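Numbering (UniProt numbering), first residue to last: 1 to 229. The beta-carbon is built from N, C-alpha and C at its ideal position, and this holds for glycine as well. Just so we're clear, the structure is a prediction, and the values are computed from it rather than from any experiment. For reference, the structure is listed below as structure tokens.
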């Protein structure tokens, strides 16, 4: 596992940022830095009179000074500072187990709490799938789409019992989800035939419409309110 940035390295990069910008008569200082698993964000506070564009236009020069592949510069909402994101020389490996065993995950009330990783500041990133009815995951080859999907599935398996949640998995490639076959959380075996996937999804739509009718007849808006009656 990659080691986290030490204080000396953080301080050296802070000085390098200030020095390089000063060469272009851009005055300011880095007051805080937030190490994350992949990038470290340096909070740069420009001196009065310095325009944002004067800093943002120097991303290439900062990349060279820091020996970084690229540097991203953007305003930090609610602050009078700019965030300078610098890729770490060593990436931290994030284990799904560490997220699932965290107090924040254990204490989350929703049975559909999912652990997606960490923020750029190194904080656990959890969210509730129940409030994400339209979720699309995309990206180029090798960017972690399958890793994200497996993290979502693992989170649900650890958070909810088979009686509380049923899952339908469609895997036409026959590579990503076959190892989940046989788990009690599955409503049916992993669907590998694209033709069968269509009928399974139609059944899911019928079930959804049936539940909408049930919720409406009970004058409730969601399954939590229904279960409380």
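Pairwise C-beta distances place the stretch 164-172 out of contact with the stretch 128-136, as fewer than three of them are shorter than 8 Å. In this structure, the straight-line span from the alpha carbon of residue 69 to that of residue 89 is close to 10 Å.
Taking 8 Å as the upper bound for CB-CB distance, residue 95 and residue 165 are not in contact here, some 23 Å apart. Secondary structure within the stretch 78-166: the alpha helix (DSSP H) runs of 4 or more consecutive residues, fully enclosed, are 96-100, 103-106 and 145-159 (chain order). With 16 or more other Cβ atoms from the protein chains shown falling within 10 Å of its own Cβ, residue 177 counts as buried.
Excluding sequence positions up to five before and after residue 50, its CB lies within less than 8 Å of the CB of 26, 27 and 28, all in the same chain and listed in chain order. Here residue 48 is exposed: its Cβ has fewer than 16 other Cβ atoms, across all protein chains shown, within 10 Å. CA-CA distance, residue 22 to residue 75, rounds to 19 Å. The three-state secondary structure of residue 189, taken from DSSP, is coil. Put simply, of 39, 72 and 66 the residue whose alpha carbon is nearest the alpha carbon of residue 53 is 72.
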